[in-house]
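For reference, the structure discussed in these notes is given below.
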Amino acid sequence: MSENENTVRTKSIVVLPGDGVGPEIVAEAVKVLKAVAVKFGHDFALQTHLIGGAAIDATGRALPDETLAACQTADAVLLGAVGGPKWDALPAEQRPERAALLPLRSALGLFCNLRPAKVWAPLKEASPLRPEIVWGDEKDESENGIDMLVVRELTGGIYFGEHRRDPDGQAACDTMRYSVPEIERIARMAFKAAQGRRGRVTSVDKANVLETSRLWRETVSRLQRDEFPSVALDHLYVDNAAMQIVRAPRRFDVILTENMFGDILSDEASQITGSIGMLPSASLRGDGFGLYEPIHGSAPDIAGQGIANPIATILSVAMMLRHSFGLVAEAAAVERSVGAVLADGYRTADIARAGETPLSTAALGDAVAAKIK
Ligand code: NAD
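Counting in the working numbering, the sequence shown runs from 567 upward without gaps.
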């Protein structure tokens, strides 16, 4: 698709606010998306559907057929969060997280999960790590803080292999399996992401022990040689990667890894940034379609108060613009606005420092939308 076609065709976006703070933060992300449409002359067709506990209350099902059908024909999906105490008493398989998110991701064939973990200059004290680890030379105000992207394989590996318990219940096994095409498609996503960043992929495995990891390492190395020679590649064992993420996090650009290692490492990477309300994510399937959502949950403890931080969801919109629509300048404009608003001292309660007056969710969304240019 040419850039011209890209900019003129209407993009169809399904919006799934969900539960708890979901509707509050999604409203602000939509506000920013509309500001982008106005500034850059795009046409985004938005349709809102039910998911999670809200869908259970209205229809009896956490993922109504109508919601799934709308997602299947959309160009992209923006999701808030699902779940909350009201539905916690339901059997596990009927609870919103299990009955809505897993079937949605699997029906949409989303095999690639992108989780950026970035420390924003005005928030560098929020990290639990020492300032020199987070930012290097403290006097250096340039953008050289932690800024990594975890690319996690999402539909294979041990979570999707055979799970079996012996008849006497005294032993169990779970099978980890990966095929070359499965490794190639996720590795391609990581190399392409690195080309748009600092050009470096660290592939994480356990090749000293696991055969799947040896196949992973061979396949990733071959792909780099044959298709992405300009991207630098190194390999780390997962135990070492877990150490390096807290010891020297600024060395990482793109981390590529399989499902279970990615589950663990992406949570570790998010925690070192210090602010769960700031972190977006994307789940992709390689054809442009994607599901975009903050990494946090529905935060029932603060829902309905208008104080949740909308930035994770706003940055999820930036990821949508970049990864689903190829609108790189627009994505950068959203990220720049977030940076400018933080630099001006605007904060919601979760990131405000002592003595600062926190803004409401809506006021922060207004501030980001107003700075889009
Ligand atoms: P959570 O992420 O919702 O909240 C953890 C803590 O972070 C809470 O103190 C919350 O107030 C705070 N927080 C989260 N997002 C915030 C934001 N945007 N601004 C300010 N503070 C924020 O995790 P939890 O409490 O373990 O789970 C709550 C519910 O969300 C549960 O029902 C859980 O199953 C569900 N959940 C849903 C998803 C999802 O929809 N993808 C993911 C995780 C948890």
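We put the CB at the ideal spot given by N, CA and C, even for glycine.
Asked: Proximity to E777 [Cα-Cα], best of I724, L845 and A928; Found: I724
Asked: N875 Cβ short of 8 angstroms to the ligand NAD heavy atom set; Found: yes
Asked: N-terminal and C-terminal residue of the beta strand (DSSP E) that R718 is part of; Found: D713 to E719
Asked: Simplified DSSP assignment, three categories, for L644; Found: strand
Asked: C-alpha distance - D829 paired with V934, whole-angstrom precision; Found: 30 angstroms
Asked: Close Cβ partners of R731 (< 8 angstroms) along its chain, the five nearest in sequence each way excluded; Found: A737 and A738
Asked: Residues bridged to R661 (per DSSP); Found: Per DSSP, none; premise fails for R661.
Asked: Any 3 or more C-beta pairs closer than 8 angstroms across the stretch 840-849 and the stretch 876-888; Found: yes
Asked: Those residues which DSSP pairs with A683 across a bridge; Found: M714
Asked: E859 beta carbon near the ligand NAD (any heavy atom closer than 8 angstroms); Found: yes
Asked: Backbone secondary structure at Y617 - three-state DSSP; Found: Checking the sequence, you will find Ile at residue 617 rather than Tyr. Three-state result, I617: coil.
Asked: Distance between beta carbons of L720 and C678, contact taken as under 8 angstroms; Found: 6 angstroms
Asked: Proximal residues to E569 (C-beta, below 7 angstroms), its chain only, five neighbours per side dropped; Found: Confidence at E569 is low in this model, with a pLDDT of 45, below 50, so the placement of that residue should be treated as unreliable; the coordinate-derived value is given next. So no residue of the chain qualifies.
Asked: Within 9 angstroms, strictly: CB atoms of R661 and G646; Found: no
Asked: Contact under 9 angstroms by Cβ, L644 with L670; Found: no
Asked: Buried versus exposed, by CB contacts within 10 Å (16 or more), Q871; Found: exposed
Asked: Near the ligand NAD: G564 beta-carbon under 8 angstroms from a heavy atom; Found: Examination of residue 564 is not possible in this model, given that the chain is present from 567 through 939 alone.
Asked: Bounding residues of the alpha helix (DSSP H) (the contiguous stretch that carries T639); Found: D631 to T639
Asked: 9 angstroms Cβ cutoff met for A642 and F855; Found: yes
Asked: Endpoints, the beta strand (DSSP E) within which S847 is located; Found: P846 to L850
Asked: C-alpha gap between A620 and P860, whole angstroms; Found: 18 angstroms
Asked: Top-ranked residue by Cα proximity to D585, from E750, K605, I617 and A603; Found: I617
Asked: Minimum length 4: unbroken alpha helix (DSSP H) runs contained in the stretch 579-615; Found: 588-606
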